[in-house]
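Engineer: Following this message is one structure expressed as structure tokens.
Residue numbers (mature numbering (1 follows the signal peptide of the UniProt record, and there is no 0)): -18 to -1, 1 to 160.
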């Protein structure tokens, strides 16, 4: 029940940020680097254990064909076969495409994924670059996927002149709501 309440609240809080086109913070996200001496600790499967979600939205170029979209989805779903220490470490991956929201704030994102992990350590290992630069501490399969999908993503200019690449990521750990 606690998680259901959080699941109902989260989309509204996320959309509140997305709706505010005058929110300067929307365009000022910067990678949060992990210090090299903390790589082992922060990528350990026991680091901050709790159900952890990595929500990803892609805004694909208009020129992307249906076949290419299917290949992107297929390759992303293959990430669930990624292993660490010889074991699967991704708890679950869900996919959705074709935004069905009637709120009018989809911002063009047309493919979404929710990746679930059992710890923030697993998430950190999965994310890798740019937060972690040493390949010993991140998933090479996910890194290869990021390199594959990059050319299919839209790139626009933000009001501040920086690039707005067609991907949005939101990570969080489920917490109890009492």
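Virtual Cβ for every residue (Gly too), placed ideally from N, Cα, C. All figures in this text were calculated on a predicted structure; none of them were measured in a lab.
With the cut-off set at 8 Å, would you say residue 161 and residue 110 are in Cβ contact?
Structural biologist: Nothing about residue 161 can be reported from this structure: the residues present for the chain run from -18 to 160 only.
Engineer: Check each candidate in 90, 105, 58, 152 and name the one with the smallest Cα separation from residue 129.
Structural biologist: Among 90, 105, 58, 152, the Cα nearest to that of residue 129 is on 58.
Engineer: Helix, strand or coil for residue 109? Go by DSSP, reduced to three states.
Structural biologist: Helix at residue 109.
Engineer: Quick one: is residue 54 near chain D, going by C-beta distance under 8 Å?
Structural biologist: No chain D is present in this structure, which holds just one protein chain.
Engineer: Note the first and the last residue of the continuous alpha helix (DSSP H) segment covering residue 124.
Structural biologist: Segment 122 to 131, the alpha helix (DSSP H) holding residue 124.
Engineer: Could you tell me the alpha carbon to alpha carbon distance between residue 80 and residue 52, rounded to whole angstroms?
Structural biologist: Computed Cα separation, rounded: 12 Å.
Engineer: Got a sec, what are the start and stop residues for the alpha helix (DSSP H) residue 201 sits in?
Structural biologist: Residue 201 cannot be examined here, being either before or after the span of the chain that is shown, -18 to 160.
Engineer: State the DSSP-derived secondary structure class of residue 17, mapped to helix, strand or coil.
Structural biologist: Residue state, collapsed to three classes: coil.
Engineer: Residue 59 by DSSP, collapsed to three states: which one?
Structural biologist: Helix.
Engineer: Give a yes or no on contact between the stretch 30 to 45 and the stretch 91 to 98, applying the rule of three or more CB pairs nearer than 8 Å.
Structural biologist: Because the criterion of three Cβ pairs below 8 Å is met, the stretch 30 to 45 and the stretch 91 to 98 touch.
Engineer: Go to residue 150, then tell me how far its beta strand (DSSP E) extends in each direction, as first and last residue.
Structural biologist: Element bounds for residue 150: 149 to 155.
Engineer: According to DSSP, simplified to helix, strand and coil, what is residue 91?
Structural biologist: Looking at residue 91 - three-state DSSP - the assignment turns out to be coil, as it is neither helix nor strand.
Engineer: Could you check where the beta strand (DSSP E) with residue 75 kicks off and where it finishes?
Structural biologist: Unbroken beta strand (DSSP E) run through residue 75: 74 to 79.
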